Amino acid sequence: MNFLKKTLPLILAFVSGWLAITLEYIPHQNSEATMASLTKGLIIIGAITAFMGIYGLFSLHYLKIKRRSEGWGYSTLVIAGFMIMTAFGIYNNGAFMFQPQVEAGGISWIYEYIFNPCQATMFSILAFFIASAAYRTFRAKSLEAGILLVAAIIVMFGKVPIAGLVSEHIPEVAQWLLDYPNMAVKRAIFFGVALGGISTALRIIFGIERSYLGGE
């Protein structure tokens, strides 16, 4: 049992990790075909994890409903929404699930008239929350904070239509800040994230990182 829980996952992670790295950097027809086969295997694994996610969704929210925990009404809506969308997806406007998904019927109606308005409402509330947080956070206590404050004001003001009426240069300056200083910082962050991802992948391949085994 210890072999299945700890040793076998480490062996699979080591072999599959090095196999993927080797195939990625060997420009050969056979390696490309093998990589395509491995990609199909990932699709199968993704389907299995989808079922695990569905099981986790139902078990978590069912327990909240059963125990009448705080917010159990929202759990009822989650399960009801999942069941309704699944039923409409299987029905597929009369074509059923073995045919390509029809862009009409219940799924399209729910997505267009329920999901999209709720999503727009959520992001609108989030925008006001970010604006209020920025107002509380941006305090020019140092030179760096002052530069950040000025740049943020220019970018936010430059993205509204009234900025062009005040001066035609404000939107241009805002776009310049986004295209050059902001892009340079984003690239540095992405580079750091990539290095962190490589480091984590190597730790998993060599068996140093074992948290996915259940916390070690």
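Just so you know, the numbering used here puts 48 at position 28 of the sequence shown, and the rest follows in order with no gaps.
Beta carbons: idealized from backbone N, C-alpha and C, even for Gly.
The structure displayed is predicted, hence computed values, not measured ones.
Review point. For Arg-88, which three-state DSSP category applies?
Key: As a working note, residue 88 is residue 68 in the sequence shown. Correct three-state label for Arg-88: coil.
Practice item. Keeping to the same chain, check which residues put their C-beta closer than 7 Å to that of Phe-177; ignore five residues upstream and five downstream. Key: Start at 1 with the first residue of the sequence shown, and residue 177 comes out as number 157. Taking C-beta separations shorter than 7 Å and ignoring five residues to either side along the sequence, the partners of Phe-177 in its chain run Ala-183, Ile-190, following chain order.
Check your understanding: Which parts of the segment 121 to 150 are runs of the alpha helix (DSSP H), unbroken and 4 residues or longer, counting only runs that do not cross its ends?
Key -> Whole alpha helix (DSSP H) segments, 4+ residues: 125 to 130.
**Study point:** Beta-carbon gap between Pro-29 and Leu-222 smaller than 7 Å
**Key:** The residue labelled residue 29 in the question sits at position 9 within the sequence shown. The residue labelled residue 222 in the question sits at position 202 within the sequence shown. By the CB criterion at 7 Å, Pro-29 and Leu-222 fall outside the cutoff.
Review point. Got a sec? Which residues, its chain only, sit under 6 Å from Trp-38 by beta carbon, not counting five neighbours each side?
Key: The residue labelled residue 38 in the question sits at position 18 within the sequence shown. Around Trp-38: no qualifying Cβ.
Review point. What separation, rounded to the nearest whole angstrom, lies between the Cα atoms of Phe-23 and Leu-32?
Key: To locate residue 23, count along the sequence shown from 1; it is residue 3. To locate residue 32, count along the sequence shown from 1; it is residue 12. Near 12 Å, if we compare the C-alpha coordinates of Leu-32 and Phe-23.
Check your understanding: Between the Cα of Leu-169 and the Cα atoms of Pro-181, Val-180, Lys-179, Ala-154, which residue gives the shortest distance?
Key -> Position 149 of the sequence shown, counting from 1, holds the residue named residue 169. Selected option, being the one with the closest Cα: Ala-154.
Check your understanding: Would you report the Cα separation of Phe-118 and Gly-101, rounded to the nearest angstrom?
Key -> Working through the sequence shown from its first residue, we reach residue 118 at position 98. Working through the sequence shown from its first residue, we reach residue 101 at position 81. Taking the straight line joining both Cα atoms gives about 22 Å.
Exercise for review: Select from Ile-228, Thr-96, Thr-69 the residue whose C-alpha is nearest the C-alpha of His-81.
Suggested key: Here residue 81 corresponds to residue number 61 of the sequence shown, with the count starting at 1. The residue with the shortest Cα to Cα distance from His-81 is Thr-96.
Exercise for review: May I have the straight-line CA-CA distance separating Trp-129 from Ser-36, to the nearest angstrom?
Suggested key: Here the question's residue 129 lines up with position 109 in the sequence shown. Here the question's residue 36 lines up with position 16 in the sequence shown. If you draw a straight line from the Cα of Trp-129 to the Cα of Ser-36, it comes to about 43 Å.
**Study point:** Helix, strand or coil at Arg-230 according to DSSP, with G and I counted as helix
**Key:** Locating residue 230 in the sequence shown gives position 210, where the first residue counts as 1. Residue state, collapsed to three classes: coil.
**Study point:** Ile-283, buried or exposed, once every other Cβ within 10 Å from all chains shown has been counted against 16
**Key:** A question about residue 283 goes unanswered here, because the residues of the chain that appear run from 21 up to 236.
**Study point:** Gly-125 and Asn-136 closer than 7 Å at C-beta
**Key:** As a first step, residue 125 must be located in the sequence shown, where it is residue number 105. As a first step, residue 136 must be located in the sequence shown, where it is residue number 116. Here Gly-125 is not near Asn-136, since their CB atoms are 7 Å or more apart.
Review point. Which two residues bound the contiguous alpha helix (DSSP H) that contains Arg-223?
Key: Sequence index remark: in the sequence shown, residue 223 carries index 203 (1-based). For Arg-223, the uninterrupted alpha helix (DSSP H) segment begins and ends at 201 to 225.
Practice item. Please name the residue in Ile-228, Ala-172, Leu-146 whose C-alpha comes closest to that of Thr-157. Key: Along the sequence shown, one-based indexing puts residue 157 at 137. That would be Ala-172, whose Cα lies nearest to the Cα of Thr-157.
Review point. Secondary structure at Lys-25, three-state DSSP: helix, strand or coil?
Key: By 1-based counting over the sequence shown, the position of residue 25 is 5. In the three-state DSSP reduction, Lys-25 falls in the helix class (H, G or I).
Check your understanding: Under a three-way DSSP split, which group does Ser-162 fall into?
Key -> As a working mapping, residue 162 is identified with position 142 in the sequence shown. Ser-162 sits in coil when the DSSP states are folded into three classes, being neither helix nor strand.
Point to revise | Gln-119 (DSSP reduced to helix, strand or coil) | key: In the sequence shown, residue 119 corresponds to position 99, counting from 1. Coil.
Check your understanding: What three-state label does DSSP hand Lys-179 in the structure shown?
Key -> The residue labelled residue 179 in the question sits at position 159 within the sequence shown. Reduced to three states, the DSSP call for Lys-179 is coil.
Check your understanding: By Cβ distance, which residues of its chain are closer than 8 Å to Phe-34, with the 5 residues on each side in sequence left out?
Key -> Stepping through the sequence shown from its first residue, residue 34 is reached at position 14. Counting only Cβ-Cβ distances below 8 Å, and skipping sequence neighbours, we find Ile-225, Phe-226, Gly-227.
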